[in-house]
Structure formats: structure tokens, C-alpha cells
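The structure appears below as C-alpha cells.
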Amino acid sequence: MTEPKRGMRRSLTSYGDEAFSLFLRKAFIKAMGYTEDALERPIIGITNTFSGYNACHRNVPELIEAVKRGVMLAGGLPIEFPTISLHESFSHPTSMYLRNLMSIDTEEMIRAQPMDSVVLIGGCDKTVPALLMGAASAGTPAIMLVTGPMITGSHRGERLGACTDCRRLWGKYRAGELTDQEITEINGALAPSAGTCMVMGTASTMALMTEALGMMLPGGAAAPAVHADRLRAAEATGARAVALASEGLTPEKVMTPQAFENALRMLLAIGGSTNAIVHIAAVAGRLGIEIDLEAFDKLGRDTPVLVDLKPTGQHYMEDLFKAGGAATILREIRPLLNLDCITVSGRTLGENLDSAPAAFAQDVVRSRENPIFKEGGIAVLRGNLAPNGAILKQSAAAADLLQHTGRAVVFTSLEDLAERIDRDDLDVAPDDVLVLQNTGPQGAPGMPESGYLPIPRKLARQGVKDMVRISDARMSGTAFGTIVLHVSPESAIGGPLALVRTGDRIKLDTAARRIDLLVDDAELEARRKAWTPSPPRPEDGRGYRRLFLDNVEQAEHGCDFTFLKPAMKSRTPPR
Ligand code: FES
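All residue numbers for the sequence shown refer to the working numbering, where the first residue is 8 and numbers rise by one.
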């Protein structure tokens, strides 16, 4: 039997002579000043996702230094390499459009270059899922390190956090309650440090889910970006990556259907971002595991929301960190977890919990007997408006709108929305249902976070804070409201959402998990026959855009590209 290739001998460039390939590789890498001794060590790759456009990754350089220290203390050779970096506010048309590109970059760079294991450094919303997707497909032992949440800001004595308070205070500005001067001051106070949004947005959600999934060391999710514990986590991650290389603990062995169920329990218990359900479906899909939305909804029936963080609660990630981080949550939902799942620590989730610091009194994570919300944060809806599913973050909705029937006010595109939403002559009332079409994976394209339709200005001025809003788009995890998202099939491919007209009645029945268009079948069939897709845009014909439009899947499958996934072989949560 031939020895598995390790270190510099892995992934040799093809010259038709392996010995020469190694000779040439070593000749070039020696230009970096490495000795023969260094080049014989296990090689630990480190993804460098720093970018001058990505403030959430501002601390990546110092994290890399700490990871390298850990790798070298454990006897390995750390080598960093760049991948695409994505920031939410610097990704046109939307970061979701580019997530799969980053995952392909990550996968191929792991595969192309010699490394025995890889440290994935991510943080901002799309980077953690993209790195996990790429690593899952590459199959090399991998471990995740997040950049960590920002600390909170302050304005005139009020504690602020991105980006729940960005939206809340922008809403106040729109309603005329804040001056230009105040909103400018607030703009400078919302993101006061390196790190990711410090509320329970997508970044915090994905970090906590990744810890529950077993792909991150215990305690790795919540330490603030600027805290010394963040650097200690980086050092420990580097050291552990060396052990992973010799143990051969590949992502497939950690990310099992049972481990995904643990991550889904975490998502529900934290009242996490709706985006996470799309991302976790994409990560699982890379391993041939399908997320079963109905079974996920059932998990929600006995998984209460326990974490009191904005946007649904009052605290921020630094408070969760001080309250014990992910371990405090996992301990509370312990009876619901698959404790035998192996994690990148080399121990099971149950063993990690057993060795976590002891519990203490705190007010950020509630007990199961005294939850924030007695069911999980996310409900999965079906109905004639969403035959393949839709999502509602019920923990962030107005309680009196969870059961609601209203008149549809339809916007056919983002441009139509921008043009009409603030007009004084818009025919809209507080109990209407706002509908936005053509913002799904194909429609926008890239399924932007435009599902948080603003309250029409004339209603905002009257003090209206929430309305039922429906779209095939996503919503930032930092947003809140009675907002039905991810309607599938999307309107751009002729899903029922495309058939809604202003004046139709729509019924949201959260208790029955239904979203229905109250239009009779014959009329709907006539509309379906008359529907035609939008003509292609000039930019649709080439490059990554062409690849995206030809291959992107619907939300329930994670919006991944069909050709990146193996055949499905199992489901989670198991029925
Ligand atoms: Fe990066 Fe919010 S913008 S985590």
C-alpha cells in the first residue's frame, strides 16, 4: 500500500514527473526562507479573508498571527492563502449572489495547494457558510475560526448595535423623528470596532450554529473581536488544526445529519437569522444531506427561544459572551441534542459540554421553563402562495399579525418598490399586506435582503410599526417584523407569488403554518396561463452571472449551484 501523501507532497503540480514536481515546488517555496525542517512539518493552510472592504474581517491579520503561533507551538508549518472576502454592504447586487463563488474559490484553493488541514477564518454573513461549503466539498480536515462580534456603540447615552439599530433609527429618521445632524452622529456610532454585527444577525447565528455543528472549538463563537479571548481561540484553533491533520478528522465525519440537527436546534433556541436556514441547507447539501423543512418546523415546536438578544430581545453578543457563550445555550437545550457527535476538538459535543466552565446566574440565556418565546424562532409555512415553502421569523413578528388576512398591495420589482413606497398617493392602509415580486434567487438576482419592505412613509408618519410583508427575498438577520420570506417557487420562474395582484386577499395563518392567496383556482389558472417571464437583461448572457442564472437552486435547497452538490443520500433532522 502506498503511503498517503502529506505536507509538500500533496497536490503536486502535474509535470509528469512527481519527484521533479516536488523538487521544483521546494525550490520556489524556499524563496520564502523556509528550511528543510520546516518543509517536512504538517502543513496547515489558513484562509486569509482580509479585505480593505470588509470591516467585519479587520482583525483577520492578527488572528492569522495567533493561529500561526498555535500551529508552530504544535509542530506544524502554517501557510496562509487568500480567498474571496465578502462584506454585506460591499457586494453588489448582494453578497448572496457571490457566496457560491467564494465557496468554489475556497474549495479549489484547498484542493490545489498542499495542506494537511485548513483553518477557515470567516465572520461576515456569507463568509462562514461559503468557507464551510468549500471545505465540505474539498474534504480536507478543517476547523472554523470566526472574527468575533463587534463591541457595542453609544449615542447620547443610548447603547447601539449594528445593524438592528441601523434599521430602527433609520426608520425613525424616515418618520421625521430624527434630524439630519442626529442621524449623521448615529452613523458614526453603529459599528465601533472590528468584528461582525453584534446582534443576533446572520453572522452571530452562523457562528453559534457552527459551534453547535462541531466545526469550531468550544467557546469560539461569542468572544468579541477585540477581546484577548478571541486571540486565545485563534491560537488554540491553530494548535488543534495540527492534531486534525494527523487524525484525519474530515468535515464529513463532523458534519453528520445528527450534527446538523444540533445546529438547527441552536438556530431555533437563539431565535436566529432566517438566512441561516438557507446557508445550512447549502452546507449540508455539499455532503449529500437534505434539510427537511417540515421536520425542522417540528423541532421548533419543542425548542423554545432562550436567548435575549436584539433584534428580538435586549442584549448584545458581548453580553452573551459574558454569560458563558454557546455553552450556556447548549447546556439549557442539552436534552434535545445529539451529544455523541464528534467535534473538531476531538471530543464529542457532550464531552465538550461536560468540560465547559460551570453555569452561573445570568439574564441573557433563559431557562427552558422561562423562555423568551415558547416555540422556536422560525416557522415554516406552506400554502397555495408557497407550495415549496416560505419562512416566517415568528419571534420577531408582531403577535397580533401572526394570524392576519389583508388586501395585497403589490410591488413588481425593487425598482417599483423604490419608486412608489414613499409616495403620498400610494393606496395603502395599515392592515394591508405588502407584496414584493421578482426578488428571489433568479429574480433580483441573488435573493437580496430586500424582504424587509419599509413601512410606507405615509403610514410610518402615522406611527405604523409593522405590517405583514411577503416576498421571495431574504431579510437581514438584524431585522424584525411580520415578514414572510423565501417564498418558493419564486415569482421570476412563475411561482404563485407572480400571480398576486393588488386588491387580492392574502391570509397568513401562522398557527396552521399556512400562507394562502384567497383567489379561486380558475382565476389563478387563467393568470398562470397569461404569465410570461421577464425578458433577459443584457448582462445576463455571460460570465459568473450566466453561471449563476443557469444553476442557482431555490431557497429550500440553499441557493447553491446544482453542479456543486453530490446526490442526496440522507436527510436531517432524521424523521
Ligand atoms: Fe458583516 Fe454584519 S455586515 S456581519
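Where a beta carbon is used, it is the ideal one built from N, C-alpha and C, also for glycine. Treat the numbers as computed from the prediction; the structure is a model and nothing was measured.
Say the cut is 7 Å; is the CB of residue i nearer than that to a heavy atom of the ligand FES?
i           : result
residue 208 : yes
residue 170 : yes
residue 94  : yes
residue 54  : no
residue 203 : yes
residue 63  : yes
residue 131 : yes
Taking a contact to mean a Cβ-Cβ separation below 8 Å, would you say residue i touches residue j in this structure?
i           : j           : result
residue 273 : residue 216 : yes
residue 66  : residue 283 : no
residue 193 : residue 276 : no
residue 298 : residue 569 : no
residue 464 : residue 429 : yes
residue 110 : residue 146 : no
residue 285 : residue 565 : yes
residue 494 : residue 415 : no
residue 386 : residue 401 : yes
residue 404 : residue 225 : no
residue 316 : residue 322 : yes
residue 473 : residue 458 : no
residue 535 : residue 389 : no
residue 129 : residue 56  : yes
residue 185 : residue 197 : no
residue 300 : residue 262 : no
residue 538 : residue 501 : yes
residue 247 : residue 352 : yes
residue 306 : residue 338 : no
residue 133 : residue 103 : yes
residue 292 : residue 207 : no
residue 245 : residue 153 : no
Kindly indicate which three-state DSSP category residue i falls into: helix, strand or coil?
i           : result
residue 507 : coil
residue 332 : coil
residue 524 : strand
residue 557 : helix
residue 209 : helix
residue 215 : helix
residue 413 : strand
residue 468 : coil
residue 515 : strand
residue 477 : strand
residue 303 : helix
residue 367 : coil
residue 343 : helix
residue 435 : coil
residue 380 : strand
residue 27  : helix
residue 568 : strand
Provide the residue(s) that pair with residue i in DSSP beta bridges, ordered along the chain.
i           : result
residue 398 : 387 and 492
residue 297 : 578
residue 349 : 355
residue 322 : 316
residue 290 : Paired residues: none, contrary to the question.
residue 418 : 443
For the ligand FMN, any of its heavy atoms closer than 7 Å to the Cβ of residue i?
i          : result
residue 73 : Within the structure as shown, the ligand FMN is missing, the only ligands being the ligand FES.
Residue i CB to nearest chain C CB: under 8 Å?
i           : result
residue 507 : Judged by its chain identifiers, the structure shown contains no chain C, having just a single protein chain.
Complete runs of the beta strand (DSSP E) confined to the region 35-60 [at least 3 residues]
50-55, all fully within the region 35-60.
At which residue ranges does the region 221-287 contain complete alpha helix (DSSP H) runs of 4 or more residues, listed in the order of the chain?
Fully contained in the region 221-287 are the following alpha helix (DSSP H) runs of length 4 or more, in chain order: 235-254, 258-261 and 264-276.
Ignoring anything shorter than 4 residues or poking outside the region 121-206, list the alpha helix (DSSP H) runs there in chain order.
Segments of the alpha helix (DSSP H) lying fully in the region 121-206: 134-145, 171-181 and 187-194.
Which runs of the alpha helix (DSSP H) spanning at least 4 residues fall entirely within the region 71-125, listed in chain order?
If we require 4 residues or more, the alpha helix (DSSP H) runs fully inside the region 71-125 come out as 102-119.
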